[in-house]
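Okay, structure first, notes after.
Numbering (the numbering used here), first residue to last: 3 to 85.
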């Protein structure tokens, strides 16, 4: 079984619009939270200073897991295409 290199064309071809939209949202939310928390000056109490970074780290972990699942889907589809 030969492994075929995954290109951007494969990623675009084998992911659906909801997948692409979800990835964009998962990328944008931590940046928005960071802007809202640190640049807007809303982190005035200790709880907000702790919960904000924890939520941002959680969103990054969720994004990483979602991308891993999508990568495995695309890799499986490319392997089936090569057969």
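Quick reminder that beta carbons are idealized off the backbone N, C-alpha and C, glycines included.
Within a 10 Å sphere around the beta-carbon of residue 52 sit fewer than 16 other beta-carbons, which makes this residue exposed. 63 is the residue among 63, 17, 71 whose C-alpha sits nearest the C-alpha of residue 29. As the crow flies, the alpha-carbon of residue 73 is around 26 Å from that of residue 56. By a beta-carbon distance limit of 8 Å, residue 35 does not contact residue 59. Their separation comes to about 10 Å. Straight through space, the alpha carbons of residue 10 and residue 69 are spaced by roughly 14 Å.
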